[in-house]
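As they're listed, the protein sequences go chains A and B. Start counting the first sequence at 1; every next residue gets the next number (our numbering). Start counting the second sequence at 143; every next residue gets the next number (our numbering). Ideal Cβ placement from N, Cα and C applies to all residues, glycine included. For reference, the structure is listed below as structure tokens.
Protein chains: 2
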Amino acid sequence: MVKEGQLKFIGRVESAGELSKVKVFPEFCRGLQHLDDFSYVIIVYWFHVRDNEKERSVLKVVPRRHPSAPEVGVFASRSPSRPNPVGLCVTELLEKKGCILTLKGLDALQNSPIIDIKPYIPRLDSISEAHVPEWTTRRPPT
Amino acid sequence: MVKEGQLKFIGRVESAGELSKVKVFPEFCRGLQHLDDFSYVIIVYWFHVRDNEKERSVLKVVPRRHPSAPEVGVFASRSPSRPNPVGLCVTELLEKKGCILTLKGLDALQNSPIIDIKPYIPRLDSISEAHVPEWTTRRPPT
């Protein structure tokens with residue numbers, strides 16, 4: 001069985017903040033057509049500063065920014081230190097201009113490589129009643 | 143700038159159907175601790191049957207299963223043919239038993255490698271009012 005997969009990055013975070021700019025590389029830019037028919041998109045990105053053996057061997061974490069959170073398995077957290085440094089963020093798409101997206105709420109650092117962009121479809125992606133443990137509610141996003 | 147990333151698969155889909163079984167490899171199994179405090183999880187997986195040059199060069203698609211959908215950029219679709227064959231599915235976690243998860247609603251094929259598992263947190267992930275184009279509403283999940 002195949003044990004590894006190869007990603008080619010399709011863009012990067014040009015600037016990060018309350019509003020972020022994502023630049024899609026010219027060779028992938030045609031893939032953005034009609035993306036702006038959606039008001040929210042899912043950005044799948046690479047935690048590039050955690051892409052090393054030490055961070056990728058983490059299996060237990062104490063979620064930061066959540067006071068008195070218990071130690072949990074890394075797959076029960078959104079920690080950037082994990083076997084595959086893949087981040088996922090639901091963001092509002094404010095503007096698409098050429099190969100540049102302006103996004104609200106992206107939690108990726110500047111220069112993070114982009115792996116994929118997907119349209120956010122509430123019928124598939126929105127589960128408002130999903131149950132979460134109490135510690136996740138104590139503070140802002142992890 | 144780095145142009146590629148290396149994934150190591152953490153598990154695979156053992157069986158697929160209305161209920162699916164995902165087996166996490168023993169070396170990553172500790173990372174599942176407390177996952178079952180969440181009722182929904184996000185499964186990030188590899189579209190292994192699309193991992194070839196032809197499917198990975200697709201930039202425009204006509205979304206299947208959506209009658210009279212227009213041609214759109216691949217990033218405005220959930221098509222498995224895309225530059226990085228990374229799939230994402232919000233699923234209900236019915237049971238965790240050792241290294242095996244029983245999931246409801248996973249759209250991955252049998253034997254699909256698993257890249258990551260994340261807890262679903264409505265505060266971050268649920269945007270019930272997100273706008274979508276009309277064609278996405280005409281049929282079941284793409």
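CB contact check: residue i to chain B, cutoff 8 Å
{"i": "A/SER98", "result": "Residue identity check: residue 98 of chain A is Gly in the sequence provided, not Ser. By this cut-off, A/GLY98 is not an interface position."}
{"i": "A/TYR45", "result": "no"}
{"i": "A/GLU4", "result": "yes"}
{"i": "A/VAL62", "result": "no"}
{"i": "A/GLY17", "result": "no"}
{"i": "A/ARG30", "result": "yes"}
First through last residue of the beta strand (DSSP E) which encompasses residue i
{"i": "A/PRO67", "result": "First-last for A/PRO67: undefined, no H or E at that position."}
{"i": "B/LYS246", "result": "242-246"}
{"i": "B/PRO255", "result": "255-261"}
{"i": "B/ARG230", "result": "Note that residue 230 of chain B corresponds to Leu in the displayed sequence, not to Arg. Segment 228-239, the beta strand (DSSP E) holding B/LEU230."}
{"i": "B/LEU201", "result": "Element bounds for B/LEU201: n/a, residue is neither H nor E."}
{"i": "A/TRP46", "result": "40-46"}
Integer Cβ distance of residue i from residue j, believed to fall under 8 Å
{"i": "A/LYS3", "j": "B/PHE151", "result": "6 Å"}
{"i": "B/VAL203", "j": "B/SER221", "result": "5 Å"}
{"i": "B/PRO261", "j": "A/SER77", "result": "7 Å"}
Distance, residue j Cα to residue i Cα
{"i": "B/GLY147", "j": "A/GLU53", "result": "13 Å"}
{"i": "A/ILE42", "j": "B/ILE269", "result": "11 Å"}
{"i": "B/VAL155", "j": "B/VAL216", "result": "25 Å"}
{"i": "A/PHE25", "j": "B/GLY240", "result": "42 Å"}
{"i": "B/THR267", "j": "A/PHE47", "result": "What sits at residue 267 of chain B in the sequence shown is Asp, not Thr. The alpha-carbon atoms of B/ASP267 and A/PHE47 are separated by roughly 19 Å."}
{"i": "B/ALA211", "j": "A/TYR45", "result": "28 Å"}
{"i": "A/PRO63", "j": "A/SER81", "result": "11 Å"}
{"i": "A/LEU106", "j": "A/TYR40", "result": "11 Å"}
CB contact below 8 Å: residue i versus chain A
{"i": "B/PRO225", "result": "yes"}
{"i": "B/GLN175", "result": "yes"}
Span of the alpha helix (DSSP H), counted from its first residue to its last, around residue i
{"i": "A/LYS54", "result": "53-56"}
{"i": "B/LEU266", "result": "264-267"}
Residue i - partner residues in DSSP beta bridges
{"i": "A/GLY73", "result": "A/LYS60"}
{"i": "A/LYS3", "result": "DSSP, once it has assigned bridges, lists no residue as partnering A/LYS3."}
Proximity test, residue i beta-carbon vs the ligand FAD heavy atom, cut-off 7 Å
{"i": "A/ASP116", "result": "The model depicted lacks the ligand FAD and carries no ligand whatsoever."}
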